[in-house]
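Undergrad: According to this note's numbering, the sequence shown holds residues 1155 to 1257 in order.
Glycine included, C-beta positions come from ideal geometry on N, C-alpha and C.
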Amino acid sequence: MSRVDNSPEIEIVSIQVPTSLMERIRARVRTGEFQSQEAAVLHAVEEQELWSQLPVEPLGSFDEMLAGIPELIDRLDRGEEDTLSAEAVRNDLAAHRRSARGA
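(1) What is the DSSP secondary structure of Pro-1212, reduced to helix, strand or coil?
(2) Compute the distance between the beta-carbons of Ala-1198 and Leu-1175, then report whether it is under 9 Å.
(3) Could you compute how far the alpha carbon of Val-1243 sits from the alpha carbon of Glu-1163?
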């Protein structure tokens, strides 16, 4: 259930998220990447919205690449992978998608 704050542009909502996601969110706040848990949750929701809008087509190795992205993002979040940023992964995915459409 949501309620509207004093501002007409702000709505307060209650959501349920997996514990593993909240642990990653808290870690990102502790490291200073985000100023608050609320900001980190909003970022996660926006990222999910972005990913959910990407059409997925059966393109062989592209499907394999898609399957590996969540694991890569988790490794990036944990600091185990330092060769790519999450933004670089998204850009590579978008470039691959554009080239596949043009082929």
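TA: Quick answer:
(1) Residue placement at Pro-1212 is poorly supported in this model, since its pLDDT is 48, which falls under 50; the coordinates still yield a value, given next. Pro-1212 falls in the coil class under three-state DSSP.
(2) yes
(3) 32 Å
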